[in-house]
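Chains as they are written, first to last, in this note's numbering: chain A, 1 to 223; chain B, 224 to 661. We put the CB at the ideal spot given by N, CA and C, even for glycine. Notes for the one structure printed next.
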Amino acid sequence: YTQASAGQKVSGMVSYLNEMSQQRLQPQQVSARSTSVNLKDLSSLVEAYKIRASKLVELAAKSLQTELQLMKTKEDAWNHCSIDLVRASDAHCHFVIVKLFCSKLAEVEDTAVHSALYSLAHLYALHGVYQNTGDFLQAGLLTVPQLTQVTQQLKELLSQIRPNSVALVDAFDYRDEMLNSVLGRYDGNVYDNMFEWARKSPLNQTEVHNSFYKYLKPLQSKL
Amino acid sequence: MNPDLRKEREAATFNTELLTHILDGGSERTRRRREIESLVIGDPDFCHEDANFLSRSERYEAAVKKSALMIMKMREYGISDPDEIYYYKCIANGSHPEAIGLHFVMFLPTLKSLCTPAQMDKWLPLALSFQVIGTYAQTEMGHGTHIRALETTATFDPATQEFVLNSPTVSSIKWWPGGLGKTSNHAIVLAQLYTQGQCHGLHAFIVPIRAMGTHEPLPGVVVGDIGPKFGFDEIDNGFLKLENVRIPRENMLMKYAKVEPDGRYIKPPSDKLTYGTMVFIRSMVVGESAKAISKACTIAIRYSTVRRQSELRPGEPEPQILDYQTQQFKLLPLLATAYAFHFVGQYMRQTYLRITGDINLGDFSELPELHALSAGLKAFTTWVASAGIEVCRMSCGGHGYSHCSSLPGIYVNFTPTCTYEGENTVMMLQTARYLLKS
C-alpha cells in the first residue's frame, strides 16, 4: 500500500494495489463508474473480490494512520487496528483463492468437466459474497436490493451442483483404505459395516464387563 | 453397491476420471498414484487392528512400526520421488499422522536448506540411513509464534570450539515438536546465538539428544513426552531441557550465517532464511487443507445420499438428506472450497519451489512475498477447513460423532494446523504487514 500509493509499481499477487493508486490519480465521473457486481458473471465476481481486498487494505492503512496521529507509538497503533489488519489480510487471501480457482478453469478442456468446475467456482465466489455482504456493501460493490439476488443465485447453484455432488467427491479418488470411514464407503453399505465395526469395540470382548462384578454388584447388594 | 449411490453416479453429467486427472496433474500421475496405492492395499503387513480401539501407547507403537515398515518397503520398491513417497505415505497413514513425520517434513528439509556442503556430506547420509532420527525443536513452553522471544541459548566457547546450549528458564523448555519425546536421537534446536559477548538472534543447531545405538538420553539432556493431546495420538510430542550441553562448532547450520573459529559472527543475507523450513511447511499446509476438507466432504456427501430421513412431502418415503436445501447449503459450498483449496495448494507448492530455486541462486527478491502469501494462505485455508470439517461432522447427525465415520479423527489431526507453524492470527498480521509495506 505504501509503495503503490506513492506511485511505485508493486508486483506479484499484490499488483492489484497499483490499480488503486491509478484510480486515485485519474478520477472518473461518478456516473461513468459502474462498480456494482454482476452476480451471474464469475469474472465480475473476481473483480469484486479484488476491489474488496484493495478497499480493506486501504481502510486498514487509514486506520493505522489515524491511530498514529493519536500520538501513540507505532506498535500501539498497530495493535489498535489489528482487527482491520486481519480483515484486510483475509480479504487479500480470499481474492487470491477466487482468482486462482477461476484461472484454473481456463486450463480445463473437456466441456462437461469445465461446466461442473465452473459451477463450483461460481458457488465458491458467491458464497464468499453471501458470508461477507458487509464488506461488499461497504465497498459499494453490492446494493441492498442485490442481497436477495445473492441468496437466489446461491440456491440456483445448489440445485445445479446437487446432481453431480457424488461424482465430484468421487473425483478426489480416495480409496476406502485411506478414508477409513464407514459412513464414506465407496459402496455406500453403511449400516451393515457400522454394526460390524461396533462389535469390535473392546467393551464387547466379554458379555459381562468386569466393572459389573467389581462395582455394580457390590452396590446392588448393599442397597 | 448401495442403489442410491449407484443412481447418483449414473446421473453425473461429466466423466469423473477426467476430473481426477486434473486434480492429480495428468493421467500418468493418476496411474502412478494408483499403482503405488495398490502396493500398500495389497500388502498384508499393513493390515492392522483399527487404531480407534487402541490405547495411546499402543497407537504410538503401531505408528512407529508402520513408519519403519514404510521406509523399508519404499526402499525395496525403489520409491524415491518426493511425490511418489507422498502417495505411498498417504495411503499407508490414512488420516493419521506419521510417527517419524518430522524427520521427513522438517529435519531433512532443514538440513538441505541450511547446511554447508561439508555439513550436508556428514549429516545427510546419517539421516537418510536413519542412524540419525531427527526432529525440529523450535517452540518453547512459554514461547510460540513470536520466535524472537525464544530463550534457549547457544553460547560459543572459542577455547573448546564448542557451543554450550542451555534452557535458562522453565518457560524456555522446548515443548511440542513432534517425535521429540521418545523417537528422535537428534534435534534441530533453534536458539539465540551468543558469541563475543553479543546476541545475534535465532540460529539453528543440530543437537544430539540420545545416544546413537542405545537411544539413552545424553548427559545434560532432559527429554520426554508431554502427554495426551486433542489428537495426534501417533506422535510423541516432547519436552527438551538443555543443561550445559556442548556441541561442536560444526553443528551450527552455517550455509548462510556463520561463526568463525575465533568467534567472529558473519551475518546471513536475510534473517528470514533461518525460518525457511516453516515457510516450506506453511506452503504445503495449504494443500493439506484441501486434502482434509475434501476427505470430510467425501464422507459427508456420500453419507448424505445414503441416509434417508423424515419427510419432504407427507406420506412419501423418506428422502435422501442431500435433497434438503439446508444440507446442500452446508455441504456444497464446502465441496467448492475443497476444489478451490486444491488448486491454491498446487499453486502454493509451485510458487514455493520456484522462489526457493531463485533463493538458491542468490535471488532473494521474492522471499517477502513468499513469506506473506504462505502465512496468509496457511491461516485462511486452515481456519476454513477446520470449521468445515466440523460442519461435515454435524451434517452426518449422530453417526458423525462416532470414530467409525473418521470425521472426529480428521478434525483432531487437522485442527492443530491453525496453531502450529505460526498461530493463524499472527500469520494474518504478518501478511498485513507485507500488504501495507507493498
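Original post:
Which word fits Tyr-124/A, buried or exposed, when buried means at least 16 other C-beta atoms lie within 10 angstroms of its C-beta?
Top reply: buried
**OP:** Could you check what DSSP says for Val-190/A in three-state terms: helix, strand or coil?
**Re:** helix
**OP:** Just grab the DSSP bridge partners of Lys-665/B for me.
**Re:** Chain B is shown from 224 up to 661; residue 665/B falls before or after that span and cannot be answered.
**OP:** Could you run through the stretch 532-559 of chain B and flag, in chain order, every residue whose CB is less than 7 Å away from some CB of chain A?
**Re:** Leu-545, Gln-548, Gln-551, Phe-552, Leu-555, Pro-556, Leu-558, Ala-559
Subject >> Own chain partners of Val-30/A with C-beta closer than 8 Å, once the 5 adjacent residues on each side are dropped >> reply: Caution applies to Val-30/A, whose pLDDT of 45 falls short of 50 and renders its modelled position unreliable; the value that the coordinates give is listed next. Taken in chain order, the list of residues that qualify is empty.
**OP:** Drop a sphere of 10 angstroms on the beta-carbon of Arg-33/A, count the other beta-carbons inside from all chains shown, and report buried for 16 or more, exposed for fewer.
**Re:** Below a pLDDT of 50, predicted positions are generally treated as unreliable, and Arg-33/A, at 48, falls in that range; the measurement from the model is reported next regardless. Under this definition Arg-33/A is an exposed residue.
Original post:
What is the DSSP secondary structure of Val-208/A, reduced to helix, strand or coil?
Top reply: coil
**OP:** Buried or exposed for His-74/A, please, with buried defined as at least 16 other CB atoms from any protein chain shown within 10 angstroms of its CB.
**Re:** The sequence shown places Lys at residue 74/A, rather than the His named in the question. Exposed, because fewer than 16 other Cβ atoms sit within 10 Å of the Cβ of Lys-74/A.
Subject >> Neighbouring residues, chain B, relative to Thr-143/A (Cβ below 7 Å) >> reply: Neighbours of Thr-143/A on chain B: none; closest Cβ ~23 Å, over 7 Å.
**OP:** Answer yes if the stretch 413-429 of chain B comes into contact with the stretch 371-384 of chain B, meaning at least three C-beta pairs across the two stretches below 8 Å, and no otherwise.
**Re:** yes
**OP:** Would you kindly work out how many angstroms separate the C-alpha atoms of Ile-370/B and Thr-392/B, rounded to a whole number?
**Re:** 16 Å
Subject >> chain B contact residues for Arg-52/A, given Cβ-Cβ distances below 9 Å >> reply: Under the 9 Å cutoff, chain B gives no residues; its nearest Cβ is about 13 Å from Arg-52/A.
Subject >> Best match in Met-435/B, Val-263/B, Lys-296/B, Gly-402/B for proximity to Thr-358/B [C-alpha to C-alpha] >> reply: Gly-402/B
Original post:
Using a C-beta to C-beta distance shorter than 7 Å, which residues of chain B count as neighbours of Phe-195/A?
Top reply: Correct list: empty, because the minimum Cβ distance to chain B is about 10 Å.
Original post:
Using 9 Å as the limit for Cβ to Cβ distance, is Asp-76/A near chain B?
Top reply: no
Original post:
Under the rule that 16 or more other beta-carbon atoms within 10 Å means buried, what is Phe-503/B, buried or exposed?
Top reply: buried
Original post:
Does any CB atom of chain B fall closer than 9 Å to the CB of Gly-241/A?
Top reply: The first residue shown for chain A is 1 and the last is 223, placing residue 241/A beyond what the model contains.
Original post:
Hey, out of Gln-569/B, Lys-553/B, Ala-561/B, Leu-292/B, whose CA is closest to Met-617/B's CA?
Top reply: Lys-553/B
Original post:
Hey, is Ala-372/B's beta-carbon within less than 9 Å of any beta-carbon in chain A?
Top reply: no
Original post:
If you draw a straight line from the C-alpha of Phe-453/B to the C-alpha of Val-635/B, how long is it?
Top reply: 6 Å
Subject >> Under 7 Å from the C-beta of Met-224/B: neighbouring residues of chain A >> reply: Asp-187, Gly-188
Subject >> Residues, ordered as in the chain, of the stretch 65-92 of chain A that lie near chain B by beta-carbon distance below 7 Å >> reply: Ser-82, Leu-85, Val-86, Ala-88, Ser-89, Asp-90, His-92
**OP:** Check the C-beta distance from Asp-84/A over to Ala-60/A and give it rounded, since I have them as a contact under 8 Å.
**Re:** 4 Å
**OP:** Starting from the C-beta of Leu-141/A, find all residues in its chain whose C-beta is less than 7 Å away, skip the five residues before and the five after it, and write them out in chain order.
**Re:** Thr-35, Ser-36, Val-37, Ala-48, Ile-51, Arg-52
Original post:
Ser-278/B: beta carbon under 8 Å from a heavy atom of the ligand ATP?
Top reply: Only the bare structure without any ligand can be found here, which leaves the ligand ATP out of the picture.
**OP:** Given a cut-off of 9 Å, decide if Ser-527/B and Ile-544/B are closer than it, judged by their beta-carbon atoms.
**Re:** yes
Original post:
Apart from the five residues on each side of it in sequence, which residues of its chain come closer than 8 Å, Cβ to Cβ, to Lys-464/B?
Top reply: Ser-390, Ile-396, Lys-397, Val-444, Val-445, Val-446
Original post:
Taking any Cβ of chain B, which residues in the stretch 162-184 of chain A have a Cβ under 7 Å from it, in chain order?
Top reply: Arg-162, Pro-163, Asn-164, Ser-165, Val-166, Ala-167, Leu-168, Val-169, Asp-170, Ala-171, Phe-172, Asp-173, Tyr-174, Arg-175, Glu-177, Met-178, Leu-179, Asn-180, Ser-181, Val-182, Leu-183, Gly-184
Original post:
Which bits of chain B does Asn-150/A rub up against, with CB to CB less than 9 Å?
Top reply: The sequence as given places Val at residue 150/A; Asn does not occur at that position. The contacting residues do not exist; Val-150/A stays about 13 Å from chain B at best.
**OP:** Per DSSP, which residues does Val-412/B bridge with? Please list them.
**Re:** Ala-360/B, Phe-428/B
Original post:
In whole angstroms, what separates the C-alpha of Glu-251/B from that of Ser-261/B?
Top reply: 15 Å
**OP:** Select from Asn-225/B, Gln-573/B, Ile-633/B the residue whose C-alpha is nearest the C-alpha of His-319/B.
**Re:** Ile-633/B
Original post:
Taking just the CA atoms, how far does Glu-374/B sit from Gly-424/B?
Top reply: 10 Å
Subject >> Interface flag, Leu-262/B vs chain A, CB-CB below 9 Å >> reply: no
Original post:
Within 10 angstroms of its Cβ, does Leu-120/A collect 16 or more other Cβ (buried), or is it exposed?
Top reply: buried
Subject >> Neighbouring residues, chain A, relative to Tyr-643/B (Cβ below 7 Å) >> reply: Per Cβ cutoff of 7 Å: no residues; Tyr-643/B is ~18 Å from chain A at best.
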